[in-house]
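K.L.:
My questions will all concern the structure given below.
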Amino acid sequence: MKISRVEHMCEGNGHVIIKELLDEQQLNGKCGLYAEVTLEPGCSLGFHMHYGESETYYILTGEGEYNDNGTSWRHVKAGDITFTPDGRGHGLANTGNTDLVFMALIIKD
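Laid out in structure tokens, this is it:
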């Protein structure tokens, strides 16, 4: 398991903590990422596009605002799921007072 802290990921605010649960060999070329991601209060993962892959977020704890393809924002909280298909983009900001923790799964097309 690899844990990394990325500053201003995709031009977001603050930092993102990524706990990669599977390595490249375990992902077997089918997935780009399977990780637990933490956004501390005030931090965000900036808007970014996906090409040749899709990404799903499953919110474990906390709450935030999800940017859905640059066209709308929606509130997300524990238990919510987001899906970004190939050719679309998204971003996520922690707007709460506690850590926003979610699972991120990138599946290659």
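Taking our numbering, the leading residue of the sequence shown gets -18, the next gets one more, and so forth. For each residue, glycine too, the CB sits at the ideal point set by N, CA and C. Please read all numbers here as calculations on a predicted model, not as lab measurements.
Taking the alpha carbon of Tyr38 as the point to measure from, which residue in Pro66, Gly51 and Cys24 has its own alpha carbon closest?
P.N.:
As a first step, residue 38 is located in the sequence shown; it is residue number 57 there, counting from the start. Nearest of Pro66, Gly51 and Cys24 to Tyr38, Cα basis: Pro66.
K.L.:
Could you check what DSSP says for Glu(-8) in three-state terms: helix, strand or coil?
P.N.:
Numbered from its first residue, the sequence shown carries residue -8 at position 11. Helix at Glu(-8).
K.L.:
Between His29 and the rest of its own chain, which residues show a CB-CB distance below 8 Å, the 5 nearest in sequence each way excluded?
P.N.:
Here residue 29 refers to the residue found at position 48 when the sequence shown is read from its first residue. Contacts found: Cys(-9), Gly70, His71 and Gly72.
K.L.:
Does DSSP put Leu2 in a helix, in a strand, or in coil?
P.N.:
Translated into the one-based positions of the sequence shown, residue 2 becomes position 21. Three-state DSSP puts Leu2 in coil, outside helix and strand.
K.L.:
Please report the distance separating the alpha-carbon of Glu44 from that of Gly60.
P.N.:
Along the sequence shown, one-based indexing puts residue 44 at 63. Along the sequence shown, one-based indexing puts residue 60 at 79. Taking the straight line from one Cα to the other gives about 10 Å.
K.L.:
Going by CA-CA distance only, name the one from Leu41, Asn9, Gly23 and His(-4) that's closest to Glu17.
P.N.:
Taking the first residue of the sequence shown as position 1, residue 17 is located at position 36. If we check each option's Cα against that of Glu17, Leu41 comes out closest.
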